[in-house]
Each structure stands twice: as structure tokens, then as C-alpha cells.
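Here the structure is laid out as C-alpha cells; the discussion comes afterwards.
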Amino acid sequence: MAGRLTLVKSVITSQAIYLLSALRAPKEILNLIDSRRKKFLWAGCAQITGGKCKVNWLRSARPKECGGLGILHLTKFARALRMRWLWQEWASSTRFWTTLELPCTTKDRQLFAATTSISVGDGTKVSLWNDAWVQGLRPKDIAPLIFNVSRRKNRSLSEALWNHTWIWDLNLFSVEVTEQHIVEYCRLWSILQRISLQPGICDSISWKLSEDRQYSAKSAYLAQFLGSELTNMNWIIWKVWAPPKCKFFSWLAIQNRIWTADRLAKRDWPHNATCALCGQTLESGLHLFVECRLTKRIWEEVAVWAAVEGLIPSNWDCSESFLQWWTSLATTQDCNRKGLRSLLILVNWTVWRERNARIFDHKSFTCAQILASIISEASAWIRAGANQLANLLASL
Ligand SMILES: [Zn+2]
Numbered sequence: 018m019a020g021r022l023t024l025v026k027s028v029i030t031s032q033a034i035y036l037l038s039a040l041r042a043p044k045e046i047l048n049l050i051d052s053r054r055k056k057f058l059w060a061g062c063a064q065i066t067g068g069k070c071k072v073n074w075l076r077s078a079r080p081k082e083c084g085g086l087g088i089l090h091l092t093k094f095a096r097a098l099r100m101r102w103l104w105q106e107w108a109s110s111t112r113f114w115t116t117l118e119l120p121c122t123t124k125d126r127q128l129f130a131a132t133t134s135i136s137v138g139d140g141t142k143v144s145l146w147n148d149a150w151v152q153g154l155r156p157k158d159i160a161p162l163i164f165n166v167s168r169r170k171n172r173s174l175s176e177a178l179w180n181h182t183w184i185w186d187l188n189l190f191s192v193e194v195t196e197q198h199i200v201e202y203c204r205l206w207s208i209l210q211r212i213s214l215q216p217g218i219c220d221s222i223s224w225k226l227s228e229d230r231q232y233s234a235k236s237a238y239l240a241q242f243l244g245s246e247l248t249n250m251n252w253i254i255w256k257v258w259a260p261p262k263c264k265f266f267s268w269l270a271i272q273n274r275i276w277t278a279d280r281l282a283k284r285d286w287p288h289n290a291t292c293a294l295c296g297q298t299l300e301s302g303l304h305l306f307v308e309c310r311l312t313k314r315i316w317e318e319v320a321v322w323a324a325v326e327g328l329i330p331s332n333w334d335c336s337e338s339f340l341q342w343w344t345s346l347a348t349t350q351d352c353n354r355k356g357l358r359s360l361l362i363l364v365n366w367t368v369w370r371e372r373n374a375r376i377f378d379h380k381s382f383t384c385a386q387i388l389a390s391i392i393s394e395a396s397a398w399i400r401a402g403a404n405q406l407a408n409l410l411a412s413l
């Protein structure tokens, strides 16, 4: 799956993105691409059953810091790409296409207005109604009723101010003027009254979301996740050195999305009645990786070998979930934490493999043999570039 994840990101998604920057794709097309990406990721083929799709697609298509796999959410990324047109319209207004209709939606324009700030110079480039030049707001949002009755919605600010042209543009006879019309009119009038244009200085725009104040597709994309719940997945899994398949496994396991016996039982699917490691109780994620007698013995051995006291099971805090336990161990004091996080992934991965070997291959290893396999795997990881893990184990 980790390999397919890379292919989903770099092949299927990239192919779509090339076209999405120029076209406004219908929702149905995006859904179709999503369905193909989903089937390929979870099943590697054109058909998929519920058992294979372990995590909801919307969750998978979130940035890693928000708990997802970092697969691009197509609707949101397409919006980020279309916003580039709006930026370019400002930044390079001499291009031939600037007089053509842009493939942007109302929502694109609203987000663009919220992510940019405009400083008014001579007012020739700023649109009176459509640009967010009033402390980040567009006059069409400040005075929507007045905007509706204006006959010229594309006036530049300098045209509009000249001789109060914007007032002559209003067609107040076409509607029944209400109190709200008067309120909005006065508000806009006072804003325009205060503005003083600076001849000879060009209007300019800056992007609020990046340090260099220039548009970037990445920041436009991530802005659409502002307010989403943040998770610690990035620093306990994705930024840690480990082979991609082990990280993918960890991501699933932490969310309780691997097929442990308790989850199989809920669906009435074939499963072992008791934990394959201790044979005592129904297997759950928390039991298998944290509470199981054998797992604790493995951790005791690992703690002694790695010389990290915090890893000894009797020193663990009581945890209600696997994620809570993982987070608490990942923040253990007085050791190389980045290396420790690699070790956490390695040991959990080994426990899972031991469990699978017992169930599917009818082979079981002793605690000493399991420790030996962890040690040899760790040295393979170090040879492959796990420098922090090497630092953690340097004293050995
Ligand atoms: Zn057990």
C-alpha cells in the first residue's frame, strides 16, 4: 500500500493536476478520478470491497498534519490552482489572456480576496467593487445592495472616484430603496471619502499566506484546511525515519484500522477467539500492542537493550487508547526522541508480524528470538540511513 500511495500521488494525481490548472472540471469528473485513486490505493485494482478500504477517503485526502495521508484533495487543490489566474491577472496584466474570462468561481474569488491584501496607489488597477482593498474586504461584500443597483460593476477605483462617478452609476429607480440601502450607501460613501489616491504609484497586491508575499499553490491549498483539527501524526509517524510500509502500518494501527480480532468479530468475519500472542483474551489494538503479556516482555527486553528506562512497561502511564500510549512514549524524556520514535515503529511492526506469523503461518518465536530480529532490523535501518536511531543506540 505504501508503494501504491506513492503512485497515487505522483502518477494519478499529477496527471489530473496538469489539466486542472487550466480547466474548471465538473464535480462528476473529480469524483470519477477520486474513485479510481481510492480503488488503486486500497485494492490495487478496479474493484473494491468494504474490507479493503480501511480509512474513509476524505480522511485520507487530508494533509498529514491533519491526520491524512497527504493525498491531494482534488476540489481544494483545483481551487488553489485556479487562484493562480487571479494572482497572475494582477501580477502580469500585460498578458494576452487577461481580457478573457477566467475559469474561476465565485468561491475562488472570495478565497482570493481573503488571502490577499491590496495597497491602493493611483487606483487604476484596483476594481472598486471586486477587489478586497478595504482592510481585506471587497466593497461588494460591504454594500451588497448598492453593488446590485450599480450599472457598472467593473469600474476601477480611480474611474469610480473621479467626479463621484460611482454615484452616477447607481440605478436607484430600479428598486424600492430601503433603510438598509441607505445604511450601506453611507458606509461606502464614508469609505470612499477617506481614500486618497497617489498618482504615479501603482496599485499592488500581496499574498498573506507566505513569507515572501507571493502566491504559492501550496499555501493556497493549505489555507482551505485552516480550522481543521490538527493531529500529531506528522511528528510521531511521517517525519520519523522508517520504511514507508512501516509508517503506513503505523498510521492505520494508531487509528485502530487494522484487522484485529475485535474488529473482525464486529463484522462477523472469521477470527481467532483469543490473542495469538498470549491466548488469554480477545485481541484488540490496545491489547495487542500495549497490554498483552508477551508484548510487555518484548518491551522489557527492548528497554534494557536500548537503555531507555521510560520504555519499561512498569514505567508506562495508564492509556485508554493505542494513540495515547504511542504519544506518551514518543515524548519520553532523556533520550534521543527522534530515534526513539523510529524504535516505536519498529517494535510495533515486529509485534504485528509476529502475530500474523502465528495466525497465518502457524510459526511462533520466543521473546529472545523476537528481540534478536528487532536488533538485526534496527541495524539494517541504521545502514539504510536511520541516523537518529543510530544516535539513540550509540552507547551500545
Ligand atoms: Zn495477548
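Numbering of the sequence shown is given in my numbering, commencing with residue 18 and proceeding in unit increments. Backbone N, C-alpha and C define an ideal beta-carbon position, used for all residues, glycine too. Just so it is clear, the structure is predicted and the values come from calculations on it, not from any experiment.
Inset, instruction - Take Arg95 and list the residues in its own chain whose beta-carbon comes closer than 6 Å to its own, dropping the five residues that flank it on each side. - result: The sequence given here places Ala at residue 95; Arg does not occur at that position. Leu37.
Inset, instruction - Consider the C-beta atom of His304 and the heavy atoms of ligand 1; say whether any pair is separated by less than 7 Å. - result: yes
Inset, instruction - Taking only the alpha-carbon atoms, compute the straight-line gap between Cys83 and Met250 and give it to the nearest angstrom. - result: 8 Å
Legend entry - Beta-bridge partners of Ser167, as assigned by DSSP: Leu187
Inset, instruction - Name the two residues that bound the continuous beta strand (DSSP E) containing Ser223. - result: 221 to 224
Inset, instruction - Taking only heavy atoms of ligand 1 into account, decide whether any of them is closer than 7 Å to the Cβ of Cys83. - result: no
Inset, instruction - Go to Ile315, then tell me how far its beta strand (DSSP E) extends in each direction, as first and last residue. - result: First-last for Ile315: 310 to 323, but that is the alpha helix (DSSP H), not the beta strand (DSSP E).
Inset, instruction - Please state if the CB of Val368 and the CB of Thr482 are separated by a distance shorter than 8 Å. - result: Residue 482 cannot be examined here, being either before or after the span of the chain that is shown, 18 to 413.
Inset, instruction - Could you work out which residue in Arg314, Gly153, Thr115 is closest to Leu128 when comparing CA atoms only? - result: Gly153
Inset, instruction - Can you tell me which of the three DSSP states Thr92 falls into? - result: helix
Legend entry - Rounded separation between Val28 and Lys55 - CA only: 13 Å
Inset, instruction - Give the DSSP bridge partners of Ile135, in chain order. - result: Ile222
Inset, instruction - Give the DSSP bridge partners of Leu154, in chain order. - result: Val151
Inset, instruction - Identify the continuous alpha helix (DSSP H) that holds Arg238 and give its terminal residues. - result: Sequence inspection shows Tyr at residue 238; the Arg mentioned does not correspond to that position. It spans 234 to 239 - the alpha helix (DSSP H) in which Tyr238 sits, taken as one unbroken run.
Legend entry - Leu311 beta carbon near ligand 1 (any heavy atom closer than 7 Å): yes
Inset, instruction - From the DSSP output, in three-state form, read off Ser110 for me. - result: coil
Inset, instruction - Could you pull out every residue in the same chain whose Cβ sits closer than 8 Å to the Cβ of Thr298, ignoring the five residues on either side in sequence? - result: Thr291, Cys292, His304
Inset, instruction - Please name the residue in Ala39, Trp104, Trp322, Trp276 whose C-alpha comes closest to that of Lys225. - result: Trp104
Inset, instruction - Specify the secondary structure class of Ser52 as computed by DSSP and reduced to three states. - result: helix
Legend entry - C-beta contact flag for Leu357 and Leu409 at 8 Å: yes
Legend entry - Residue environment, Trp398, which counts as buried when at least 16 other CB atoms sit within 10 Å: buried
Legend entry - For Arg168 and Asp186, believed in contact at Cβ under 8 Å, the rounded distance: 5 Å
Legend entry - Contained alpha helix (DSSP H) runs [length at least 4] in the stretch 226 to 301, N- to C-terminal order: 234 to 239, 261 to 271, 278 to 283
Inset, instruction - Can you tell me which of the three DSSP states Ser175 falls into? - result: helix
Inset, instruction - Give the single residue among Glu176, Ala131, Gln272, Ile218 whose Cα lies nearest to the Cα of Ser236. - result: Ala131
Inset, instruction - Check whether the Cβ of Leu299 lies closer than 7 Å to any heavy atom of ligand 1, and answer yes or no. - result: no
Legend entry - Euclidean distance between Cα positions of Arg354 and Thr348: 7 Å
Inset, instruction - Kindly examine ligand 1 and report whether one of its heavy atoms sits closer than 7 Å to the Cβ of Leu294. - result: yes
Inset, instruction - State whether the stretch 166 to 181 contacts the stretch 200 to 215, with contact taken as three or more CB pairs (one from each stretch) at a distance under 8 Å. - result: yes
Inset, instruction - Measure the alpha-carbon distance for Val200 versus Ala160 and round it to whole angstroms. - result: 9 Å
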